[in-house]
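If you read the protein sequences in the order shown, they are chains A and B. Mapping the first sequence onto my numbering, position 108 (from 1) lands on 108, and the numbers just tick up by one. Mapping the second sequence onto my numbering, position 20 (from 1) lands on 1020, and the numbers just tick up by one. C-beta: ideal position from N, C-alpha, C; glycine also. What you are looking at is a predicted structure, and each value in this text was computed from that prediction instead of being measured.
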Amino acid sequence: MPLILNEEQEMLKESARGFLEEKAPVAALRKLRDEKSEDGFSRELWKEMADMGWAGILVDESHGGAGFGFVGAGVLAEEMGRTLAASPFLSTSVLAATALNKFAGDAHKQEYLPKIATGDVIMALAVDEGRKHGPKETALTAEKSGNGFRLNGAKTFVADGHVADKIIVAARTAGAAGEEAGLSLFMIDRKAKGVTADRVNLADSRNAASIRFENVEATGEDVIGEIDSGYAALEGVLAAGRAGLAAEMSGSAQHVFDMTTGYLKERKQFGKVIGSFQALQHRAAHLYCEIELVKSVVLKALQDLDNAFGMAGVTCSLAKAKAGEVAKLASREAVQMHGGIGMTDEFDVGLFMKRIRVAQEMFGDGAYHADRIARLRGY
Amino acid sequence: MSDLEAFRTQARAWLEENCPKEMRDGAVGEEFVCWGGRNWTFKSEAQKTWLDRMASKGWTVPAWPVEYGGGGLSREEVKVLKEEMRRIKARSPLESFGIWMLGPALLKYGTHEQKAHFLPPIARGEIRWCQGYSEPNAGSDLASLQCKCEDKGDHWLVNGQKIWTSYADEADWIFVLVRTDPKAAKHDGISFILIDMATKGVSTKPIKLISGKSPFCETFFDDVETPKEHAPGVNAVVGALNRGWDVAKYLLTHEREMIGGGGSGAMGGARGIGEIAVDCLGVDETGRLRDAILRARVAETEVDGWAFLLTMERLKDEAKAGQGMGAKSSMLKYYGTELNKRRYELFMDAAGSEGLEWDSERSEDGKLVKGWLRTKANSIEGGTSEVQLNIISKRILELPDA
């Protein structure tokens, strides 16, 4: 399959860019931050996105979605990365939609996929418990109790966790932290007894939460995938999330790079535009190359998710590793080349730097994924 | 069956019947290449048979038109042919600067007479070409070249020196950038001219490199008289007089794509760095390479290598879809060669003191250490990394001149 967007995907990209520039510019995120919005995103805007088919981009048409596949979802994530648009897109439309599409039973699909597509339900994925990503390290327990389960433990760094209606939780039904076996995924109502979700303000002013589970009751019907063998499903959902974040970071990196080259052409010092200085030209040209590499790995990962979902984990790791490292470089170079103004809150570059830092940490940073690739390649 | 599948069936049958067994060992590398030319000594009867048979089909240059010795194949058919050759691990029948560089230049800028005269001997491996671009005082600033070419009525008189001419001592003909108008602006007075290396006054001197090898020469032109036409209607100058820079630029793009491709070994057919490092150093009880810091550097380089490979694929797909590659070839040249240098540094790190052996038997005559030294030229030849970054800055990012 050629490594380029098809016509339909190109059109989606173009219309997404126009929409986001108008409705969700960086100023919109700034406003949410400064007004200390409790939701952390605009529900009205999310409804509009849903009306355009974005919320259900991965939901097939029989469930009321757009059925555009992962490349389509990545195109949207990339454009959202360009304007730092805040929405439950990653948590609900990528992570939860993938979990339901690929691993849930028919009843769950019938009930929730149409609601995801209409924007009427928000979902979150709760995986990590410590400061670094580690799905296998899951210690939150789901003990058998009567006919059901009882969940105890805590999750952190949960995107949209405090606004989600439903939380998909990775829990240990057997085995010990560090093991792949013994994991199961549960879908829990955020308002269920014993669930406490607290928003945690992160550097990027987007949504993240810490969630405590105290004797939360669940039944076998709340399980997504298989009991004790949920690791494969979790990895599948994480692969989609990693590709989504990589696409978002690709968009953010491209945008800060455009801002930077724009500034290099206009800012004058020593009587010349600073873009004429070779010390800056070569750094900009190097960064250009790195960003081109990111575009390739991101598209490859998204295509792999569409064409061979079960095999896509490794290219999703590649995309997450490369996009994270390059986006960080792009934001650092952007601040440095903008000089003093790049350090001011008034200027947008800092917001990109903060969001990129968060996105590259979520679901595994560059080191995590480079290690994973090394293991898969036998060293 | 589609036409392409029918072609595959035919190609497979023909290769099966015509590729000698000895040429099916998948051998690549300097010592197995067939360069052809007047002075060429075939390494085996099979090498000659393989060249002759492939040339008779036009498949040494499968994409060139049939009338000029090529196979007249479409881009898709060429891809199929390459796949079928890889399937039986067939060696390449012929490599040369004629195929890689002069051919594409003549196909784009040459007259019918020039193509008909020069291309078929390249396709048959009869004439070996070399490239006369750089001069002692014109390296990165290639357009400042001074090699003089004067109009003497019925012939050209050439005086000057070229340097870094690959395999000039073994080549039959040379394509040279010369200054035909010393008064014009530096890019405007250059012409692209073809000269027989056997002409009186042309001489070469090999340059010994840090690897101990001499793949490059100095080439001298002392009062070289070369005809204006090499045969009736066959002009010695390619393209318009004084417009040689256009041809040179076009060819440099080709060269960059070719050299940059070397970086793709990171995840291509070649063995991975990690795999080689494990052979050298072993793994610990968790299965990880026994040197944690080297392992991390290897992993980062493999991530970049894989991303680079995908980028070459994407740019080719974009080019096919009509977006063209243009100055992006500078990106491939820059990133691919820098990556190749990184890979060889890591190979050397993994190999330790054994990797430093210069001529021992177990080192296969210092294959690794000499290969490592060879890569240092990657980011110099065909335009330095710094020149590529300048091109990206100006042509792609449109940053202003200093």
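Beta-carbon proximity check, residue 125 of chain A vs residue 168 of chain A, cutoff 9 Å: Contact flag set, yes.
If distances are taken between C-alpha atoms only, which option among B:1064, B:1351, B:1158, B:1023 comes closest to residue 1075 of chain B? The shortest C-alpha separation from residue 1075 of chain B is found at B:1064.
Do three or more CB pairs link the region 325 to 335 of chain A to the region 42 to 55 of chain A at distances below 8 Å? With a cut-off of 8 Å, the region 42 to 55 of chain A and the region 325 to 335 of chain A do not count as touching, because too few Cβ pairs lie within range.
In the DSSP assignment, what are the bridge partners of residue 360 of chain A? Residue pairing by DSSP places residue 360 of chain A opposite no residue, since no beta bridge is assigned to it.
Segment contact, 8 Å Cβ cut-off, at least three pairs: the region 246 to 261 of chain A with the region 9 to 25 of chain A: Taking a contact to require three or more Cβ pairs closer than 8 Å, the region 246 to 261 of chain A and the region 9 to 25 of chain A do not qualify as touching.
For residue 1130 of chain B, the residue or residues it bridges with in DSSP: The partner list for residue 1130 of chain B (beta bridge, DSSP) reads B:1174.
Return helix, strand or coil for residue 344 of chain A, following the three-state DSSP convention. In the displayed model, residue 344 of chain A falls within coil according to three-state DSSP, outside both helix and strand.
If we ignore side chains and look at the alpha-carbon of each, how far apart do residue 1181 of chain B and residue 1189 of chain B end up? So the two alpha carbons sit approximately 4 Å from each other.
List the whole-angstrom C-beta distance separating residue 1165 of chain B from residue 1132 of chain B, where the pair is believed to meet the contact cut-off of C-beta under 8 Å. Their Cβ separation, rounded to whole angstroms, is 6 Å, which keeps residue 1165 of chain B and residue 1132 of chain B in contact under 8 Å.
Run through DSSP, which three-state label would residue 1040 of chain B get? Of the three classes helix, strand and coil, the one that applies to residue 1040 of chain B here is coil, per DSSP.
Buried versus exposed, by CB contacts within 10 Å (16 or more), residue 1432 of chain B: Within the shown structure, residues of chain B are numbered from 1001 to 1402, placing residue 1432 of chain B beyond reach of any answer.
Can you tell me where the beta strand (DSSP E) holding residue 1209 of chain B begins and where it ends? Under the DSSP assignment, residue 1209 of chain B falls outside any beta strand (DSSP E); it carries neither an H nor an E label.
Check each residue of the region 1300 to 1327 of chain B: if its Cβ is closer than 9 Å to any Cβ of chain A, include it; give the result in chain order. Per Cβ criterion, the list reads 1300, 1302, 1303, 1304, 1306, 1307, 1308, 1309, 1310, 1311, 1312, 1313, 1314, 1315, 1316, 1317, 1318, 1320, 1321, 1323.
Distance, Cα to Cα, residue 1324 of chain B vs residue 1313 of chain B? In this model, residue 1324 of chain B and residue 1313 of chain B are separated by some 13 Å (Cα to Cα).
Those residues which DSSP pairs with residue 1194 of chain B across a bridge: Residue pairing from DSSP places residue 1194 of chain B in a beta bridge opposite B:1175.
Could you tell me which chain A residues have their CB closer than 8 Å to the CB of residue 1417 of chain B, listed as they occur along the chain? Residue 1417 of chain B is absent from the model: chain B starts at 1001 and stops at 1402.
Run the CB neighbour count on residue 1264 of chain B, radius 10 Å, all protein chains shown included, and call it buried at 16 or more, exposed below. The pLDDT assigned to residue 1264 of chain B is 44, lower than 50, so where the model puts this residue is not dependable; a value taken from the coordinates is nonetheless given after this. Classification of residue 1264 of chain B: buried, given that the 10 Å Cβ count is 16 or more.
For residue 383 of chain A, which residues in chain B fall below 7 Å Cβ to Cβ? Limits of chain A in this structure are 1 at one end and 379 at the other, which puts residue 383 of chain A out of reach.
Along the chain, where does the beta strand (DSSP E) that runs through residue 1217 of chain B open and close? Where residue 1217 of chain B is concerned, the enclosing beta strand (DSSP E) stretches over 1216 to 1227.
Alpha carbon to alpha carbon, how far is residue 1242 of chain B from residue 1183 of chain B? Give it in angstroms, no decimals. About 11 Å.
Within 9 Å (strictly less), CB to CB, does residue 286 of chain A reach chain B? Yes, its Cβ sits closer than 9 Å to a Cβ of chain B.
Under 9 Å between C-beta atoms of residue 187 of chain A and residue 119 of chain A: When the beta-carbon positions are compared, residue 187 of chain A and residue 119 of chain A stay at least 9 Å from each other.
Is the beta carbon of residue 206 of chain A less than 9 Å from the beta carbon of residue 161 of chain A? Cβ atoms of residue 206 of chain A and residue 161 of chain A: not closer than 9 Å.
Collapsed DSSP secondary structure at residue 224 of chain A in the structure displayed: Secondary structure at residue 224 of chain A: strand, using DSSP grouped into helix, strand and coil.
According to DSSP, simplified to helix, strand and coil, what is residue 1269 of chain B? Confidence at residue 1269 of chain B is low in this model, with a pLDDT of 45, below 50, so the placement of that residue is unreliable and no value is reported for it.
Answer yes if the region 360 to 373 of chain A comes into contact with the region 1044 to 1060 of chain B, meaning at least three C-beta pairs across the two stretches below 8 Å, and no otherwise. The answer is no - the region 360 to 373 of chain A does not touch the region 1044 to 1060 of chain B, with fewer than three Cβ pairs under 8 Å.
If you draw a straight line from the alpha carbon of residue 1380 of chain B to that of residue 1169 of chain B, how long is it in whole angstroms? Rounded to the nearest angstrom, the two C-alpha atoms are 21 Å apart.
In chain A, which residues lie less than 8 Å from residue 1389 of chain B when you measure between Cβ atoms? What residue 1389 of chain B touches in chain A: 281, 282, 285, 286.
Tell me where the alpha helix (DSSP H) around residue 1374 of chain B begins and ends. Residues 1367 to 1375.
Just to check my reading of the structure: residue 1051 of chain B and residue 281 of chain A have Cβ atoms closer than 8 Å, yes? What is that Cβ distance to the nearest angstrom? Contact check for residue 1051 of chain B and residue 281 of chain A: beta-carbon distance about 46 Å, past the 8 Å limit, so the pair fails to qualify.
Does the count of Cβ pairs from the region 357 to 364 of chain A and the region 272 to 291 of chain A closer than 8 Å reach three? As far as the Cβ criterion goes, the region 357 to 364 of chain A does not touch the region 272 to 291 of chain A, which means the pair count is below three.
Below 8 Å on the Cβ atoms is my guess for residue 1307 of chain B versus residue 322 of chain A; work out the distance and round it to an integer in Å. Sure, about 5 Å apart at Cβ, within 8 Å.
Taking the alpha-carbon positions, what's the residue 104 of chain A to residue 220 of chain A distance? Taking the straight line from one Cα to the other gives about 12 Å.
Near residue 1115 of chain B, what residues of its chain come up, given a Cβ to Cβ distance below 6 Å and the 5 sequence neighbours on each side ignored? For residue 1115 of chain B, where only same-chain residues beyond five positions count, the Cβ hits under 6 Å are 1068, 1106.
Please list the partners that residue 1296 of chain B has in chain A, where partner means a Cβ-to-Cβ separation under 9 Å. Within 9 Å Cβ-Cβ: 367, 370, 371, 374.
Residues bridged to residue 1166 of chain B (per DSSP): Looking at the DSSP assignment, residue 1166 of chain B forms a beta bridge with B:1216.
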